[in-house]
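To start, the structure under review is shown below, and the notes come after it.
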């Protein structure tokens, strides 16, 4: 089935809930797309199997087989080494520890697999196809279950000396703050992520503060998510608004740090939590500007990510096209 | 006096106490050196005059005049724009606000003047002549009156989109912490600088804690400096040791952030406070390693800066030699 002369690659986004795959061509177009369930509580064998099944389905959709592929880009949450293809640790994939993920997929598909951090992939996606087109220096931040980031310097992902950068979700912004899964305390993530927001709402509810948030979860405080808090806030609930304001404050503190450290021209905000929109983001930007040097906050532009949940698969695909010089005109 | 065919430049280091100048040749050798007093409380005219006088003296020492110079590198503490040559603000030079410092010196000397941050200059100095030789990605941190940093990525200073990076001294590590001169709260600088250390010691003394620190300042708590605390700690004083341990903790928290954000291969520590040595730095490195991802802290090397108070003048000189392509083999 090698009638396709143009380069085609697969982008994979391995998340704690879903594994997404897409066939992407040299123009960055998505020719086929699939979504499967990540068996996050099972071991690496089951996870690799779920990835391969989704790859199989997306290839079928695109009337291709693996031999037609240029290469594969695999974006995953967590800390991974792009040189060795090893995923060290991922908060949402607790069974994966020091797993040679790229190698395992590579063996099955017979194609080179590039492992990368999912936020780095999303940053590349936004750079080529999203809101960061034309920017050369920017930071992509995903406010989600956790907080991820991709730092783009001169059109390239800044990956650091061992390919592990950048993890500002684990910069300390409140040194005596809550314990983080990474082992530190007061990191940005346990204060400003969607998980943090929902946790704080649940705490307030358990302390007896009256709120309509419970109406969205059938009265069960344990079930409260960031989305429920958002809905209650939109309906005018005071606690919900305070919870969002508190999260916005911490989002802003972290953004101020990124501004003073990187002096970026643009910060792109993505991730599920950012869907709360202005109610969260406007006060966050204000807090960032209050704290950062005015000379730096004056030159930074904030923008919402455009690619949504496709940012990872598209970014992983484009990353691979770029690495293998298969990238056409975008 | 144009018998010198080789390129020679001047490096200037403008600090809150001293203005230092040096003539540097293409091999990075210091041919002459001068040190004057910075009239920090007077206006920009007096400061420019002091710089020009030091330049005059160092040229005389080197048997040169300004026409023999390739160009001039001017390193200054504070926030400055290398493109426009404007110094926006500097905590130790409070009279200088939005001063076109490079232009003022340029007009007098008739030579191109490159303005840069002093920590960025010091990083370049350490890269070419100091402990960072051979490194391509590292962070220079100066623990001094304030905290400055120069981030080197692929042999180049990372200066950000407006030339203002990187200012991790003003990343928030304790969001409800002490007010910082920059307008934010709980920045690294007011918690981990030499000024912060001395201030905390003075507070403890004023609260009545018994200490031999006062023996080094004739009993006047107001006069206590970081050096006095260091001396008392060496003599076994309990408060002095606690003050240093507290500062080490905060130094470590900030270093952890730099590790998780930049995944550097090397962090070079300079500045007067670092002269306390292992008593400060060892617990700081331990705290950093406790907090940073082990995969990143395992690959980072910590080293003391080698160039001491000459790092700024040498770095400014080398920066200019590099910019003007006058750099020889180092």
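Residue numbers (the numbering used here), protein chains in the order written: chain A, 2 to 331; chain B, 2 to 331.
Where a beta carbon is used, it is the ideal one built from N, C-alpha and C, also for glycine.
All figures in this text were calculated on a predicted structure; none of them were measured in a lab.
- prompt: Looking only at its own chain, which residues have a Cβ that is under 8 Å from the Cβ of residue 282 of chain A, when we skip the five neighbours before and after it?
  reply: Locating residue 282 of chain A in the first chain gives position 281, counting from the first residue. Counting only Cβ-Cβ distances below 8 Å, and skipping sequence neighbours, we find 249, 252, 270, 275, 303, 305.
task: Determine whether the Cβ of residue 5 of chain A lies closer than 8 Å to any Cβ atom of chain B.
output: As a first step, residue 5 of chain A must be located in the first chain, where it is residue number 4. Note on residue 5 of chain A: pLDDT 48, under 50, position unreliable in the model; the coordinate value appears next. So, not an interface residue.
field: Any C-beta of chain B under 8 Å from that of residue 173 of chain A
entry: For the purposes of this step, residue 173 of chain A is taken as residue 172 along the first chain, with counting starting at 1. Chain B, which has a Cβ nearer than 8 Å to the Cβ of residue 173 of chain A, makes this yes.
task: Run down chain A in chain order and give the residues with a C-beta less than 9 Å from the C-beta of residue 142 of chain B.
output: In the second chain, residue 142 of chain B corresponds to position 141, counting from 1. Per Cβ cutoff of 9 Å: no residues; residue 142 of chain B is ~12 Å from chain A at best.
field: Straight-line Cα distance separating residue 127 of chain A from residue 134 of chain A
entry: Position 133 of the first chain holds residue 134 of chain A. Position 126 of the first chain holds residue 127 of chain A. Answer to the nearest angstrom: the Cα atoms are 7 Å apart.
- request: Drop a sphere of 10 angstroms on the beta-carbon of residue 203 of chain A, count the other beta-carbons inside from all chains shown, and report buried for 16 or more, exposed for fewer.
  value: The sequence position of residue 203 of chain A within the first chain is 202, counting from 1. With 16 or more Cβ atoms within 10 Å of its Cβ, residue 203 of chain A is classed as buried.
task: Would you mind stating whether residue 230 of chain A and residue 192 of chain A have Cβ atoms separated by less than 8 Å?
output: Against the first chain, residue 230 of chain A aligns to sequence position 229. Against the first chain, residue 192 of chain A aligns to sequence position 191. No; because the gap between Cβ atoms is not below 8 Å, this pair is not in contact.
query: Can you tell which of B:17, B:144, B:286 has its C-alpha closest to the C-alpha of residue 168 of chain B?
result: Here residue 168 of chain B refers to the residue found at position 167 when the second chain is read from its first residue. Measuring from the Cα of residue 168 of chain B, the nearest candidate turns out to be B:144.
- request: Within the same chain, show all residues whose beta-carbon is closer than 6 Å to that of residue 272 of chain B, passing over the 5 residues directly before and after it, in chain order.
  value: Along the second chain, read from residue 1 onward, the residue named residue 272 of chain B stands at position 271. If we look at residue 272 of chain B and ignore the five residues flanking it on each side, its Cβ neighbours are 143, 144, 145.
- prompt: Which of helix, strand or coil does DSSP assign to residue 27 of chain A?
  reply: For the purposes of this step, residue 27 of chain A is identified with residue 26 of the first chain, where counting begins at 1. Three-state DSSP puts residue 27 of chain A in coil, outside helix and strand.
query: For the ligand NAP, any of its heavy atoms closer than 7 Å to the Cβ of residue 45 of chain B?
result: This structure does not include the ligand NAP; it has no bound ligands of any sort.
query: Quick one, which of A:136, A:118, A:164, A:158 has its alpha-carbon nearest residue 148 of chain A's?
result: On the first chain, position 147 is the one that residue 148 of chain A refers to. Comparing Cα-Cα distances from residue 148 of chain A to each of A:136, A:118, A:164, A:158, the minimum goes to A:118.
message: Against chain B, with Cβ distances strictly below 8 Å, would residue 198 of chain A count as a contact?
response: Numbered from its first residue, the first chain carries residue 198 of chain A at position 197. Not closer than 8 Å to any Cβ of chain B, the Cβ of residue 198 of chain A fails to qualify, so no.
message: With distance defined between alpha-carbon atoms, name the residue in B:59, B:296, B:288 nearest to residue 247 of chain B.
response: Position 246 of the second chain, counting from 1, holds the residue named residue 247 of chain B. For residue 247 of chain B, the nearest C-alpha among the options comes from B:288.
message: Which of the three DSSP states is assigned to residue 117 of chain A in this structure?
response: Walking along the first chain from the start, residue 117 of chain A turns up at place 116. Correct three-state label for residue 117 of chain A: strand.
- request: Counting only the same chain and skipping the five closest in sequence on each side, list residues whose C-beta sits under 7 Å from that of residue 164 of chain A.
  value: Taking the first residue of the first chain as 1, we reach residue 164 of chain A at position 163. Excluding sequence neighbours, residue 164 of chain A sits near 82, 83, 84.
task: Per DSSP, which residues does residue 141 of chain A bridge with? Please list them.
output: For this step, residue 141 of chain A is matched to residue 140 along the first chain. Residue 141 of chain A pairs with A:151, A:269.
task: Would you kindly work out how many angstroms separate the C-alpha atoms of residue 23 of chain A and residue 125 of chain B, rounded to a whole number?
output: Start at 1 with the first residue of the first chain, and residue 23 of chain A comes out as number 22. Start at 1 with the first residue of the second chain, and residue 125 of chain B comes out as number 124. For residue 23 of chain A and residue 125 of chain B, the distance between alpha carbons rounds to 44 Å.
- request: Compare the beta carbon distance of residue 67 of chain B and residue 327 of chain B with 8 Å and say whether it is the shorter of the two.
  value: The residue you call residue 67 of chain B lines up with position 66 of the second chain. The residue you call residue 327 of chain B lines up with position 326 of the second chain. The answer is no: Cβ separation not under 8 Å.
field: C-beta contact flag for residue 69 of chain B and residue 314 of chain B at 8 Å
entry: The sequence position of residue 69 of chain B within the second chain is 68, counting from 1. The sequence position of residue 314 of chain B within the second chain is 313, counting from 1. In this structure, residue 314 of chain B does not lie closer than 8 Å to residue 69 of chain B by Cβ.
task: Determine, using beta-carbon pairs with one atom in the segment 210–222 of chain A and one in the segment 235–247 of chain A, whether at least three such pairs fall under 8 Å.
output: yes
message: For residue 34 of chain A, tell me which candidate among A:318, A:227, A:324 has the shortest Cα-Cα distance.
response: The residue given as residue 34 of chain A occupies position 33 in the first chain. Nearest option by C-alpha distance: A:318.
- prompt: Between residue 208 of chain A and residue 201 of chain A, what straight-line distance do the alpha-carbon atoms span, to the nearest angstrom?
  reply: Start at 1 with the first residue of the first chain, and residue 208 of chain A comes out as number 207. Start at 1 with the first residue of the first chain, and residue 201 of chain A comes out as number 200. Distance between the alpha carbons of residue 208 of chain A and residue 201 of chain A: 11 Å.
For residue 180 of chain A, the nearest candidate out of B:180, B:292, B:284 (CA to CA): In the first chain, counting from the first residue as 1, residue 180 of chain A sits at position 179. Of B:180, B:292, B:284, the residue nearest in Cα terms is B:292.
message: Taking 6 Å as the limit between beta carbons, can you name the residues of its chain near residue 49 of chain B, skipping five residues before and five after?
response: The sequence position of residue 49 of chain B within the second chain is 48, counting from 1. Excluding residues within five positions, the ones whose Cβ falls inside 6 Å are 105.
query: On the premise that residue 155 of chain B lies in contact with residue 265 of chain B, defined as a C-beta separation below 8 Å, what is that separation, rounded to the nearest angstrom?
result: Numbered from its first residue, the second chain carries residue 265 of chain B at position 264. Numbered from its first residue, the second chain carries residue 155 of chain B at position 154. Contact flag wrong, Cβ pair sits at about 12 Å.
Residue interval of the beta strand (DSSP E) (run including residue 331 of chain B): Taking the second chain and counting its residues from 1, the one referred to as residue 331 of chain B is at position 330. Looking at the DSSP string, residue 331 of chain B is not in any beta strand (DSSP E), and its letter there is neither H nor E.
field: Short-range partners of chain B found in the segment 24–38 of chain A, where Cβ spacing is below 7 Å
entry: none
query: Would residue 74 of chain A pass as a contact of residue 115 of chain A if the rule is Cβ separation under 8 Å?
result: As a first step, residue 74 of chain A is located in the first chain; it is residue number 73 there, counting from the start. As a first step, residue 115 of chain A is located in the first chain; it is residue number 114 there, counting from the start. Yes. Within cutoff.
field: For residue 16 of chain B, the nearest candidate out of B:323, B:324, B:312 (CA to CA)
entry: Start at 1 with the first residue of the second chain, and residue 16 of chain B comes out as number 15. Of the candidates B:323, B:324, B:312, the one whose C-alpha sits nearest the C-alpha of residue 16 of chain B is B:312.
message: Using DSSP's beta-bridge definition, name the partner residues of residue 15 of chain B.
response: Numbered from its first residue, the second chain carries residue 15 of chain B at position 14. Note: residue 15 of chain B sits in a beta bridge opposite B:20, B:77.
message: Tell me the rounded alpha-carbon separation between residue 7 of chain B and residue 42 of chain B.
response: Position 6 of the second chain, counting from 1, holds the residue named residue 7 of chain B. Position 41 of the second chain, counting from 1, holds the residue named residue 42 of chain B. So the alpha carbons of these two residues sit roughly 38 Å apart.
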